[in-house]
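Data first, discussion second: the structure below is written as structure tokens.
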Amino acid sequence: DLKASSRVTNSELFTLTYGALVTQLCKDYENDEEVNKQLDKMGYNIGVRLIEDFLAQTADVIAKVAFKMYLGITPSVTNWSPAGDEFSLMLENNPLVDFVELPDNHSTLIYSNLLCGVLRGALEMVQMAVDVRFVQDTLRGDSVTEIRMKFIKRIEENLPAGDE
Amino acid sequence: MADESLFEFLHMEIVSHVYKEQQSSKGEMDSKDRAVCVSVLEGMGFRVGQGLIERLTRDSPSFKDELDIMKFICKDFWTKVFRRQVDNLRTNHQGTYVLQDNKFALLTQLSSGKQYLDQAPKYLAFSCGMVRGALSNLGLDSVVTAEVSVMPSCKFQVVIQKL
């Protein structure tokens, strides 16, 4: 009976489980102060994971939606750092460099650096400060193009657009 | 989507806490300690399962028979709790049921394949309790166990206890 089951939301599962946790903690510890401390500690651990999860979803959106929409390619998201604050976007092909060859006197030119700025600016608009750089570039002889993105921090105030 | 990760994170944190609690007094864990952890988690799941099934079946008509109840568990209950239906239900028609979920929600974060296989039981105890609690409220006493051979696929075995 789907009508009945739709009345039980996912938050009820969370609420009931949370109740079971608090009950268990009250059994484990002598006083409320200890329980409060444990709850805070556990919440902290969850909070850290939530941000990692959020970043993972952001990375996915960048790769699967934004890149696809604007450049027609879907990079893969890989090489997450252990702290979960850094990852790589692997582009097997880069439309910006179609038919392009780097001449010898421009070996340090990061031809597609515009992309780094775009990603940085876009994420700043959603209150995230990130560091973006190319670590591999097919134009410079690498087999694949790899952009490394590192989450620096959440931006608290709203900077007016074009503040730089 | 946010709701689901929150429960999954809470569950992982609860498992972590229960094991840490048991370990802290001794420094090491033996199989008896591990059994206590499983039992605590299963007990917590039991009460949650009871609460959930009560809300799920509040306005439904009563079930025809045991198989009807098991089908409800495999479809409605599983969908509400684990966001998918059980992939395969087998029974010997003598009170034993095997529920197979090929992409068990609480294991997908752990790994796929054989990595961390020995950790899997920790993450199944609470769910076994939920199933047992749900059945208990529907009038069926049971013993529920789970096993994993390849993550994230797992099999829950339900043995209905005859009085």
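Order-wise, the sequence lines are chains A and B. Quick note: the first sequence uses this note's numbering, first residue 380, plus one each step. Quick note: the second sequence uses this note's numbering, first residue -12, plus one each step. For each residue, glycine too, the CB sits at the ideal point set by N, CA and C. As the structure is a prediction and not an experimental result, all values here were calculated from the model.
A direct Cα-Cα distance of roughly 35 Å separates residue 502/A from residue 103/B. For residue 395/A, the nearest beta carbon of chain B is closer than 9 Å to its own beta carbon. Between residue 112/B and the set 130/B, 96/B, 100/B, 99/B, the nearest pair of CA atoms involves 130/B.
The beta-bridge partner set that DSSP reports for residue 528/A consists of 466/A, 511/A. Between residue 139/B and residue 91/B, the CB-CB gap stays under 9 Å.
For the segment 0 to 23 of chain B, the set of residues with a beta-carbon nearer than 7 Å to any beta-carbon of chain A comprises 0, 1, 4, 8, in chain order. Here residue 142/B carries a strand assignment [DSSP, helix/strand/coil].
DSSP, reduced to helix, strand and coil, places residue -8/B within a helical segment of the structure shown. Of all C-beta pairs linking the segment -10 to -3 of chain B to the segment 507 to 524 of chain A, fewer than three are shorter than 8 Å, placing the two stretches out of contact. For residue 432/A, the chain B residues whose C-beta falls within less than 7 Å of its own C-beta are -8, listed in chain order. By the Cβ-count criterion, residue 86/B is buried, with 16 or more other Cβ atoms from all chains shown falling within 10 Å of its own Cβ. With its beta carbon less than 9 Å from one in chain B, residue 402/A belongs to the interface. With contacts defined as CB atoms closer than 9 Å, residue 36/B and residue 118/B qualify as a contacting pair. For residue 92/B, the secondary structure class from DSSP, reduced to helix, strand or coil, is coil.
Residue pairing for residue 130/B: DSSP places it in a beta bridge opposite 146/B. Residues of chain A with a Cβ closer than 8 Å to the Cβ of residue 68/B are, in chain order, 392. Here the C-alpha atom of residue 44/B lies approximately 17 Å from the C-alpha atom of residue 33/B.
Listed in chain order, the positions of the segment 424 to 457 of chain A with a beta carbon within less than 7 Å of a beta carbon of chain B are 424, 425, 428, 429, 432. With its beta carbon less than 9 Å from one in chain A, residue 31/B belongs to the interface. Against chain B, the CB of residue 462/A has no partner CB under 9 Å away; the residue lies outside that interface. The Cβ atoms of residue 506/A and residue 465/A lie no closer than 9 Å to each other. When the Cα atoms are used, residue -1/B and residue 428/A turn out to be separated by approximately 11 Å. By the CB criterion at 9 Å, residue 470/A and residue 523/A fall inside the cutoff.
The C-beta of residue 148/B has fewer than 16 other C-beta atoms within 10 Å across all chains shown, which makes the residue exposed. When the Cα atoms are used, residue 53/B and residue 75/B turn out to be separated by approximately 17 Å.
Chain-order list of chain A residues neighbouring residue 27/B: 403, by C-beta distance under 8 Å. Not a single C-beta of chain B is nearer than 9 Å to the C-beta of residue 419/A.
Sorting 126/B, 110/B, 146/B by C-alpha distance to the C-alpha of residue 25/B places 110/B at the top. Among the residues of chain A, those whose CB is under 7 Å from the CB of residue 35/B are 395, 396, 399, following chain order. As DSSP reads the structure, residue 84/B sits in a beta bridge with 78/B, 145/B.
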